[in-house]
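Following our numbering, the numbering of the sequence shown begins with 449 at its first residue and continues without gaps.
Ideal Cβ placement from N, Cα and C applies to all residues, glycine included.
If you're wondering where the values come from, they're calculated on a predicted model, not measured in any experiment.
These notes concern the structure reproduced below.
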Amino acid sequence: MTARLEGRVALVTGASRGIGAAVARVLAAEGAEVVAIARTQGALEELDDQVRAAGGKQLVLVPEDLRKPDMIEQVAAAIYQRWGRLDILIGNAGAIGGGLTPVAQHAPDDWAEAFDVNVTANWRLIRACDPLLRMAEAGRAVFVTAGAAQGIHPYWGAYAASKAALETMVRTWAAEVATTTKLRVNLVNPGIVASRMRSIAFPGEDPSTLAQPDDVAPRFLPLCLPDCPHHGQIISLAG
């Protein structure tokens, strides 16, 4: 069977573990050349080993913190120099903001981390990658949100507020490019998935009872394909 993403270039953030790593493996298995960003170099190298062992192309590894000034712009410039475009952007990296805490008791650094990673870093990705995605034949962008962004969830203040801001920002961008480009921009709510962030929020929970990253990652693929019909939507994988 022909790889559906052969020749396409994908950028995945938070790619060292969890959903980010699982999505990177899915995209690579479909033939994409994947640029993987995460803070942990060893975990990125392990991901690269997994991808190559499965027959995928060698990953481009970027062991950096998304909050580092100008880093995203430098990566975008390098992508342009090497490929002249970006076909797929996966904004997956996230921060829970210190764990479950009453709003009035959030440490300022924890609150800032949630917004820096969940909102500002994704804005920088949009700002830097919008021109590259427009250069692609069928640019696709997918951002990971959460059920906490909807409704009222006590003790989830920083995470919920930052994910709600992410949703508004991404859907606004989607509306702005809807009639003037071929971009398709969406959000995915993966539901409850075993992850490092989940273990921080619920340290006593048995992760084996939850959906695993490899269970949900294949459902990102349709949003990355040229024939994706969705735009400006929140796709829920929960349930």
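Per-residue burial, residue i [other beta carbons within 10 Å of its own, 16 or more giving buried]
{"i": "ILE574", "result": "buried"}
{"i": "VAL551", "result": "exposed"}
{"i": "ILE536", "result": "buried"}
{"i": "PRO556", "result": "exposed"}
{"i": "TRP656", "result": "Checking the sequence shown, residue 656 turns out to be Ser, not Trp. Classification for SER656: exposed."}
{"i": "ASP578", "result": "buried"}
{"i": "ILE467", "result": "buried"}
{"i": "GLU653", "result": "exposed"}
{"i": "ALA502", "result": "exposed"}
{"i": "ALA525", "result": "exposed"}
{"i": "ILE600", "result": "exposed"}
{"i": "ARG455", "result": "It should be pointed out that residue 455 corresponds to Gly in this sequence rather than to Arg. GLY455 comes out exposed."}
{"i": "GLY404", "result": "Residue 404 lies beyond the range of the chain shown here (449 to 687); nothing can be said about it."}
For residue i, the nearest candidate out of the options (CA to CA)
{"i": "VAL460", "options": "ALA608, ARG619, ALA569 and ILE682", "result": "ALA569"}
{"i": "MET645", "options": "ALA597, MET617, ALA480 and ALA543", "result": "ALA543"}
{"i": "CYS672", "options": "ALA606, GLU512, ALA659 and ALA589", "result": "ALA589"}
{"i": "ALA642", "options": "TYR603, THR616 and ALA469", "result": "ALA469"}
{"i": "ARG582", "options": "ALA560, ASP518, VAL633 and ARG452", "result": "VAL633"}
{"i": "LEU431", "options": "ASP675, ALA686, GLY680 and LEU685", "result": "Nothing in the structure corresponds to residue 431, since the chain is present only between 449 and 687."}
{"i": "ALA626", "options": "VAL499, LEU492, ALA594 and GLN681", "result": "GLN681"}
{"i": "ARG530", "options": "LEU548, THR488, ALA562 and LEU580", "result": "LEU580"}
{"i": "ARG500", "options": "ASP513, GLU512, ALA486 and GLU478", "result": "GLU478"}
{"i": "LEU507", "options": "ILE527, ASP513 and LEU514", "result": "ILE527"}
{"i": "PRO661", "options": "PHE650, ALA463 and ALA480", "result": "ALA463"}
{"i": "ASP663", "options": "HIS679, PRO651, GLU493 and ALA686", "result": "ALA686"}
{"i": "PRO670", "options": "TRP604, GLY587 and ARG533", "result": "GLY587"}
{"i": "TRP571", "options": "ALA665, SER647, ALA622 and ARG465", "result": "ALA622"}
{"i": "THR629", "options": "TRP559, HIS679 and ALA665", "result": "HIS679"}
CB contact flag (residue i, residue j, <9 Å)
{"i": "VAL565", "j": "VAL592", "result": "no"}
{"i": "PHE668", "j": "VAL482", "result": "no"}
{"i": "LYS505", "j": "ALA476", "result": "yes"}
{"i": "ALA584", "j": "VAL474", "result": "no"}
{"i": "ALA576", "j": "ILE520", "result": "yes"}
{"i": "LEU509", "j": "ASP496", "result": "yes"}
{"i": "LEU614", "j": "ALA597", "result": "yes"}
{"i": "GLY639", "j": "SER684", "result": "yes"}
{"i": "PHE518", "j": "ARG487", "result": "Here residue 518 is Asp; the residue named in the question, Phe, does not match the sequence. The answer is no: Cβ separation not under 9 Å."}
{"i": "ALA562", "j": "ALA594", "result": "no"}
Limits of the alpha helix (DSSP H) - the one that residue i falls within
{"i": "PRO661", "result": "661-664"}
Any non-hydrogen atom of the ligand SAM within 8 Å of residue i CB
{"i": "CYS676", "result": "This structure does not include the ligand SAM; it has no bound ligands of any sort."}
Start-to-end residues for the beta strand (DSSP E) that takes in residue i
{"i": "ILE683", "result": "682-684"}
Entirely within the segment 459-546 and at least 4 residues each: give me those alpha helix (DSSP H) ranges in chain order.
466-477, 489-501 and 519-531
Enumerate, from N- to C-terminal direction, the unbroken beta strand (DSSP E) stretches of 3 or more residues contained entirely within the segment 537-597.
588-592
Give the list of continuous alpha helix (DSSP H) stretches no shorter than 4 residues that lie fully inside the segment 605-643.
605-625
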